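Residue numbers for the sequence shown follow full-length UniProt numbering, so the first one is 1 and each next one is one higher.
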Amino acid sequence: MSQNDKRPQRNDDVRAEGGSKQTQSVKHVKLDLERPKLSKEGNAGEHRKRSRSMKKRTFDSSKKDKNATLKIIPLGGLDAIGKNMTVFECKGDMVLDDAGLMFPDDNHPGVDLILPDYTYVLQHADKLRGIVITHGHEDHTGSLPYLIKDLDRQVPIYGTKMTLGLIEGKFKEHRIKNAKLVEIKPGDKVQLGCITAEFFAVNHSIPGAVGVFFRSPAGNVLHTGDFKLDQTPIDGVHTDFGALARFAEEGVDLMMSDSTNATNPTFTPSEAEVGKVLSRVISQAQGRVIVASFASHIHRLQQICDAAVANGRKVVVTGRSMVQNTDIARKLGYLKISDQDIIDAYDLKGIPPEQVVIMCTGSQGEPLSALARIAAGEHKTIDMEPGDTVIISATPVPGNEKAVTKVVNSLAKIGADVWDKSRARVHVSGHASAEELKIMLTIVQPKAFMPVHGEATHLRAHARLAEAVGVPAENVFICENGESLELSTKGVKHGETVQSGIVFVDGLSVGDTSEQVLEERTALGSQGFAAVAVAVSSRKKAVVGNVSVEMHGITSGDDAYLASECEKSVKSAMTKALAKGASGKELKKAARDALLSILWERTKTRPMTVINLLDV
Numbered sequence: 001m002s003q004n005d006k007r008p009q010r011n012d013d014v015r016a017e018g019g020s021k022q023t024q025s026v027k028h029v030k031l032d033l034e035r036p037k038l039s040k041e042g043n044a045g046e047h048r049k050r051s052r053s054m055k056k057r058t059f060d061s062s063k064k065d066k067n068a069t070l071k072i073i074p075l076g077g078l079d080a081i082g083k084n085m086t087v088f089e090c091k092g093d094m095v096l097d098d099a100g101l102m103f104p105d106d107n108h109p110g111v112d113l114i115l116p117d118y119t120y121v122l123q124h125a126d127k128l129r130g131i132v133i134t135h136g137h138e139d140h141t142g143s144l145p146y147l148i149k150d151l152d153r154q155v156p157i158y159g160t161k162m163t164l165g166l167i168e169g170k171f172k173e174h175r176i177k178n179a180k181l182v183e184i185k186p187g188d189k190v191q192l193g194c195i196t197a198e199f200f201a202v203n204h205s206i207p208g209a210v211g212v213f214f215r216s217p218a219g220n221v222l223h224t225g226d227f228k229l230d231q232t233p234i235d236g237v238h239t240d241f242g243a244l245a246r247f248a249e250e251g252v253d254l255m256m257s258d259s260t261n262a263t264n265p266t267f268t269p270s271e272a273e274v275g276k277v278l279s280r281v282i283s284q285a286q287g288r289v290i291v292a293s294f295a296s297h298i299h300r301l302q303q304i305c306d307a308a309v310a311n312g313r314k315v316v317v318t319g320r321s322m323v324q325n326t327d328i329a330r331k332l333g334y335l336k337i338s339d340q341d342i343i344d345a346y347d348l349k350g351i352p353p354e355q356v357v358i359m360c361t362g363s364q365g366e367p368l369s370a371l372a373r374i375a376a377g378e379h380k381t382i383d384m385e386p387g388d389t390v391i392i393s394a395t396p397v398p399g400n401e402k403a404v405t406k407v408v409n410s411l412a413k414i415g416a417d418v419w420d421k422s423r424a425r426v427h428v429s430g431h432a433s434a435e436e437l438k439i440m441l442t443i444v445q446p447k448a449f450m451p452v453h454g455e456a457t458h459l460r461a462h463a464r465l466a467e468a469v470g471v472p473a474e475n476v477f478i479c480e481n482g483e484s485l486e487l488s489t490k491g492v493k494h495g496e497t498v499q500s501g502i503v504f505v506d507g508l509s510v511g512d513t514s515e516q517v518l519e520e521r522t523a524l525g526s527q528g529f530a531a532v533a534v535a536v537s538s539r540k541k542a543v544v545g546n547v548s549v550e551m552h553g554i555t556s557g558d559d560a561y562l563a564s565e566c567e568k569s570v571k572s573a574m575t576k577a578l579a580k581g582a583s584g585k586e587l588k589k590a591a592r593d594a595l596l597s598i599l600w601e602r603t604k605t606r607p608m609t610v611i612n613l614l615d616v
């Protein structure tokens with residue numbers, strides 16, 4: 001018998017061990033190995049066809065006023081991540097959405113804050129029915145105190161409890177009284193002239209964040225505000241998909257959406273992931289732990305407090321804005337920590353370092369922040385020791401990288417164990433990445449789209465995402481600050497451009513610091529300063545006495561030989577100019593050109609120069 005003959009056959013008797021028979025039944029299964037039939041374009045093609053037809057729905061509707069036009073005018077937020085401000089205007093009524101600021105970088109020496117130019121709002125203040133604030137971050141609330149001071153009337157400000165709490169704190173600093181603050185909740189509708197604002201919950205890095213659905217006689221606009229799609233939020237508040245679907249069913253003529261992370265191709269991790277890492281780092285730390293974060297990131301502060309308490313440590317809060325925001329959040333019930341677990345920085349004496357977690361400002365390397373002062377050994381109550389742990393729980397805002405690196409190096413010299421985003425997940429963004437943005441676009445299904453809240457790179461990346469999910473390219477609008485859009489039953493088109501720009505806050509001065517002043521400051525900082533004092537006799541057409549040249553911040557500026565050479569060159573040039581009948585500006589120009597020529601030849605610098613002429 002062959003080997004094959006010995007193999008049991010299907011449905012045959014099989015002899016079991018011991019000689020008994022056992023019947024085995026084998027079931028026949030027919031496998032369908034054919035690929036499913038596709039249409040000529042394939043399933044994806046059918047989907048694209050349906051998507052295109054869906055997106056090309058008409059803007060016209062029996063519910064709309066054919067004579068009405070809604071103007072959407074961005075005054076800030078489209079050239080940088082900051083100073084967000086948008087005007088909505090229809091049939092003599094105007095609503096302002098957000099009023100933020102931006103912090104200066106190295107290109108703005110001496111400047112404290114940068115505001116959007118809201119001249120257009122002031123010029124049409126009689127139409128302004130209300131100011132809507134989506135959440136409490138500085139880039140959405142920071143310019144409010146300045147705007148309220150400039151307005152000649154009381155205008156209601158709408159926001160959630162947390163947002164208004166932070167705004168109220170700002171108003172106290174600016175001594176603004178009797179502001180009309182109106183609390184809203186997700187789901188509320190507010191009538192602002194002919195424009196209705198309906199608020200819906202979104203998840204962000206601060207409690208009380210909302211998006212806004214604006215209804216007007218000319219059409220509907222959905223503004224997402226800042227958001228992410230975190231499915232394990234710290235406070236249990238998710239982005240309201242139900243409301244978004246309801247708005248989509250009603251019809252969204254134009255969608256404006258957060259573009260901050262549009263260049264990030266994946267999903268933004270959950271804030272809860274940071275808490276796990278913070279807890280692990282704090283549990284392993286030997287000495288004191290210092291955590292630097294944004295003072296308005298209440299969800300992050302809650303996780304720091306939770307990790308500290310879980311590891312038997314007291315929480316200390318330092319830094320003006322950190323103390324203020326922590327106090328507001330605790331009073332309003334957004335930050336939960338018992339009184340016995342949080343102590344004042346002045347009560348640190350006597351508490352072992354391993355029993356303390358310090359929450360402070362300075363995640364952006366600000367020179368006067370708590371972390372910078374601790375690193376420099378200049379803090380009143382907190383001293384660093386080798387072996388202490390520092391966690392920088394934030395990402396540097398573009399332009400602040402050098403300042404952050406400087407602080408980190410100072411901490412390293414002391415012997416601190418520094419943790420930042422490059423070492424572990426001690427920070428995640430509060431903004432949606434590309435895949436989340438596509439989900440949002442797919443749910444809302446807008447007829448037209450305008451990316452907001454980002455730099456040019458972010459806006460264009462978000463525009464490509466919108467086109468990818470089916471928004472027609474001709475209905476995607478990338479605008480500059482001041483460029484308006486007009487929504488009507490005929491669709492969306494570009495409108496007139498209004499005055500826009502930036503306003504510098506410099507000490508007590510608002511709007512008086514010009515680009516020329518900044519250029520002079522930059523020149524002073526990089527090239528130095530030279531002053532010339534000279535007496536001339538226009539009657540005798542001669543230089544009287546000696547020329548005095550004083551230099552500061554110039555290489556070899558304290559060299560007597562260089563000063564003498566400059567004085568001789570200036571005197572020679574002015575003598576020649578006087579002989580030709582020059583006076584006033586011509587004489588100053590001759591002196592400046594001579595001085596700059598010799599300094600460039602000797603030092604390769606062109607310092608800022610001041611020429612003082614005395615006619616005797």
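Note that beta-carbon positions come from the ideal geometry of N, C-alpha and C, so glycine has one too. As the structure is a computational prediction, the values presented were derived from the model and not from experiment.
- Per DSSP, the beta-bridge partners of M359 are V291, V317.
- The alpha carbon of L595 has as its nearest neighbour, out of D615, S572, A448, the alpha carbon of S572.
- In the DSSP assignment, P116 falls within the unbroken beta strand (DSSP E) covering 113–116.
- Beta-bridge analysis with DSSP links T457 to no other residue.
- Between the stretch 84–103 and the stretch 187–197, the count of Cβ pairs shorter than 8 Å is three or higher; the stretches touch.
- E455 has its alpha-carbon roughly 15 Å from the corresponding atom of E483.
- The beta strand (DSSP E) runs of length 3 or more contained entirely in the stretch 186–210 are, from start to end of the chain, 189–192, 195–201.
- Looking at the backbone, the Cα of M384 and that of E565 are separated by about 51 Å.
- Assignment of V543 by DSSP, reduced to helix, strand and coil, places it in the strand class.
- DSSP, read as helix, strand or coil, puts R280 in helix.
- Taking L166 as reference, the option from K64, P145, P156 with the minimal CA-CA separation is P145.
- Pairing A201 with F294 gives a Cβ-Cβ distance that is not under 7 Å.
- Taking a C-beta distance under 7 Å as the contact criterion, A448 and L254 qualify as a contact pair.
- By the CB criterion at 7 Å, R288 and P207 fall outside the cutoff.
- Its Cα nearest to that of G545, the residue E567 stands out among A530, I554, E567.
- Taking the Cα positions, D150 is about 47 Å away from D388.
- Contact between K64 and A218 holds, since their C-beta atoms are separated by about 6 Å, short of 8 Å.
- For N409, the enclosing alpha helix (DSSP H) has its first and last residue at 401–414.
- Counting only runs of 4+ residues, the alpha helix (DSSP H) found wholly inside the stretch 121–170 occupies 138–141, 144–150, in chain order.
- Burial is judged here by how many other beta carbons sit within 10 angstroms of a residue's own beta carbon; T224 has at least 16 and is buried.
- Taking a cut-off of 8 Å for Cβ pairs, the stretch 304–316 and the stretch 243–260 do not touch, as fewer than three such pairs fall below it.
- Nearest neighbour of A577 by Cα position, chosen from K336, R300, Y158, V536, turns out to be V536.
- In summary, R129 is buried, with 16 or more beta-carbon neighbours lying within 10 Å of its beta-carbon over all protein chains present.
- Beta-bridge partners of F214 (DSSP): A197, V221.
- Nearest to H135 by alpha-carbon distance, out of P398, K276, L164, is L164.
- Following the DSSP letters along the chain, one finds T442 inside the alpha helix (DSSP H) bounded by residues 434–444.
- Between V610 and A531, the gap from beta carbon to beta carbon is short of 7 Å.
- Within the same chain, and ignoring the five residues on either side of G581 in sequence, the residues whose Cβ sits closer than 8 Å to its Cβ are K541.
- Nearest in C-alpha terms to R300, of all of T326, A179, L229, E474, is T326.
- The beta carbon of G528 sits closer than 7 Å to the beta carbons of M551, H552, G553, I554, G557, T605, P607 from its chain, once the five residues preceding and following it are set aside; these are given in chain order.
- Selection G365, M102, V426 evaluated against E271 yields V426 as nearest (Cα-Cα).
- Residue pairing of D417 in beta bridges, as defined by DSSP: T389.
- Within the DSSP bridge table, the entry for L368 names no partner.
- 7 Å or more divides the Cβ of I157 from the Cβ of L122.
- V471: not part of any beta strand (DSSP E); DSSP gives it neither H nor E.
- Taking C-beta atoms as the reference points, D258 and H453 count as a pair closer than 7 Å.
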